[in-house]
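Take the sequence shown: its letters are residues 20 to 291, numbered as in our numbering.
Step one of this worksheet: look at the structure below.
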Amino acid sequence: MKNVLTNEIPFTITGTKQFTFESEKNRLYQILVFIPNEAPPETGFPIIYLLDGNSIFGTVVEAVRIQSRKPEKTGVIPSIVVGVGYPTSEPFSKERFYDYTMGEPEIEIPANKMDGATSQRHGGAEEFLRFLQNELKPAMEQTYPIDQKKQTLFGHSLGGLFVLHTLFTSPTSFQTYIAGSPSIHWNQSIILEEERLFHQLCETGEIKANVLVGIGELERWHHTNVGELAKSMVDRLSTRSRLKVEFIQFENEGHVSVLPPLISRSLRFALQ
20 MKNVLTNEIP FTITGTKQFT FESEKNRLYQ ILVFIPNEAP PETGFPIIYL
70 LDGNSIFGTV VEAVRIQSRK PEKTGVIPSI VVGVGYPTSE PFSKERFYDY
120 TMGEPEIEIP ANKMDGATSQ RHGGAEEFLR FLQNELKPAM EQTYPIDQKK
170 QTLFGHSLGG LFVLHTLFTS PTSFQTYIAG SPSIHWNQSI ILEEERLFHQ
220 LCETGEIKAN VLVGIGELER WHHTNVGELA KSMVDRLSTR SRLKVEFIQF
270 ENEGHVSVLP PLISRSLRFA LQ
């Protein structure tokens, strides 16, 4: 039989690029970027920033590529996708524990604090948010045609916690916030205090944002109580008239398997 597996070459997703970005704090990030093949609108493309970019960039890009072919039917328009990841071949990096969590920096996380976690430093969320705001976003805006009025931040688990932290402490940074299975239980008193201050800020009537929180149905029985904590927070946020808030529980999905359906729903929520 003739061997047809010849001329092997690496496979890449059309329209994607990869960069190494060294922050002012000498942190290295792997930045993955997808640019649509279409001509940009006069206002520029919408842009979606993904946390844990190593794990979900390809899934989001292919969903955008396929669904934006017929936006009149899918509600998804061509958009730039930016995956913020780390220089590793693994889907997740231990560095995420520092970047996505609040608290006193440099303190180590106890090994039993979260499933699968070894002792890691945490508390770098403010530093990471400054990196996004002052370094990465300006670099993207100088390089690509971006609609600065249509920016989305997407995160899952600890990334979802960081999305809520950004909403509460810097609500004008993005227009749409997607928090999947957010780890609200992590140093819970901090995120709840940030939420309390955010509600006070909303009293001014100047805060406007789109917020989607999604969980898997099977997470209702997770020992961290992620489902109930997320639903309770959404109920409180829904009382704010200038916030468009949506909560979705995906049937028969768990903490990790919820990602593909959450991504698909998030695109319609963010890009319609």
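Glycine included, each C-beta is placed from N, C-alpha and C at the ideal position.
- Message: Please return the same chain residues whose Cβ sits closer than 8 angstroms to the Cβ of VAL245, not counting the five positions on each side in sequence.
- Response: By one-based count along the sequence shown, residue 245 stands at place 226. Contacts found: SER200, PRO201, SER202, ILE203, HIS204, ILE234, GLU238, HIS274.
- Identify the continuous beta strand (DSSP E) that holds LYS169 and give its terminal residues. By one-based count along the sequence shown, residue 169 stands at place 150. LYS169: member of the beta strand (DSSP E) spanning 165-175, first to last residue.
- What is the rounded straight-line gap between the Cα of LYS168 and the Cα of GLU225? Within the sequence shown, residue 168 is the residue found at index 149, counting from 1. Within the sequence shown, residue 225 is the residue found at index 206, counting from 1. Spanning the two alpha carbons is a distance of roughly 15 angstroms.
- Query: Hey, out of THR25, GLU160, GLN194, THR258, whose CA is closest to GLN219's CA?
  - Reply: Looking up residue 219 in the sequence shown gives position 200. Ranking the options by Cα distance to GLN219, first place goes to THR258.
- Can you check DSSP and say which residues form a bridge with VAL100? Within the sequence shown, numbered from 1, the residue matching residue 100 stands at position 81. DSSP links VAL100 through a beta bridge to PHE53, ILE67.
- Item | Proximity below 8 angstroms, CB of SER74 to CB of PHE173 | Here residue 74 refers to the residue found at position 55 of the sequence shown. Here residue 173 refers to the residue found at position 154 of the sequence shown. No, the pair does not count as a contact, with Cβ atoms beyond the cut-off.
- Message: Our contact map puts LEU51 next to GLY94 with C-beta atoms below 8 angstroms; I'd like the distance itself, whole angstroms only.
- Response: Stepping through the sequence shown from its first residue, residue 51 is reached at position 32. Stepping through the sequence shown from its first residue, residue 94 is reached at position 75. Approximately 24 angstroms separates the beta-carbon atoms of LEU51 and GLY94; this is outside 8 angstroms, ruling out the contact.
- Query: In the DSSP assignment, what residue or residues form a beta bridge with TYR196?
  - Reply: Stepping through the sequence shown from its first residue, residue 196 is reached at position 177. Residue pairing from DSSP places TYR196 in a beta bridge opposite LEU172, VAL230.
- Item | Continuous alpha helix (DSSP H) stretch holding LEU286: start and end | As a position in the sequence shown, residue 286 is number 267, starting the count at 1. Note, LEU286: alpha helix (DSSP H), 278-290.
- Item | Cutoff 6 angstroms; reference PRO280; Cβ partners in own chain excluding five residues on either side | Here residue 280 refers to the residue found at position 261 when the sequence shown is read from its first residue. If you ignore the 5 residues before and after PRO280, its C-beta comes within less than 6 angstroms of the C-beta of PHE269, all in its own chain and listed in chain order.
- Message: Using only the alpha-carbon positions, how far apart do TRP240 and LEU177 sit?
- Response: Here residue 240 corresponds to residue number 221 of the sequence shown, with the count starting at 1. Here residue 177 corresponds to residue number 158 of the sequence shown, with the count starting at 1. Taking the straight line joining both Cα atoms gives about 18 angstroms.
- Item | Same chain only: Cβ atoms within 6 angstroms of GLU214, ignoring 5 sequence neighbours per side | Your numbering for residue 214 matches position 195 in the sequence shown. Only PHE187 meet the Cβ criterion.
- Please confirm whether THR171 and PHE150 have their CB atoms less than 8 angstroms apart. If you number the sequence shown from 1, residue 171 lands on position 152. If you number the sequence shown from 1, residue 150 lands on position 131. Here THR171 is not near PHE150, since their CB atoms are 8 angstroms or more apart.
- Closest residue to THR223 among THR195, LEU262, ILE197 (Cα-Cα distance): Within the sequence shown, numbered from 1, the residue matching residue 223 stands at position 204. Closest by C-alpha distance to THR223, out of THR195, LEU262, ILE197, is LEU262.
- PHE40 - partner residues in DSSP beta bridges: Position 21 of the sequence shown, counted from the start, is the residue given in the question as residue 40. Looking at the DSSP assignment, PHE40 forms a beta bridge with TYR48.
- Per DSSP, which residues does GLN268 bridge with? Please list them. By 1-based counting over the sequence shown, the position of residue 268 is 249. Under DSSP, GLN268 forms a beta bridge with ILE234.
- Message: Just to check my reading of the structure: HIS141 and THR120 have Cβ atoms closer than 8 angstroms, yes? What is that Cβ distance to the nearest angstrom?
- Response: Start at 1 with the first residue of the sequence shown, and residue 141 comes out as number 122. Start at 1 with the first residue of the sequence shown, and residue 120 comes out as number 101. 4 angstroms between Cβ atoms; contact.
- Message: From the DSSP secondary-structure annotation, give me the bridge partner or partners of LEU262.
- Response: In the sequence shown, residue 262 corresponds to position 243, counting from 1. Bridge partners of LEU262: ALA228.
- Query: Per DSSP, THR35 forms a beta bridge with which residues?
  - Reply: For the purposes of this step, residue 35 is taken as residue 16 along the sequence shown, with counting starting at 1. In the DSSP assignment, THR35 is bridged to PHE53.
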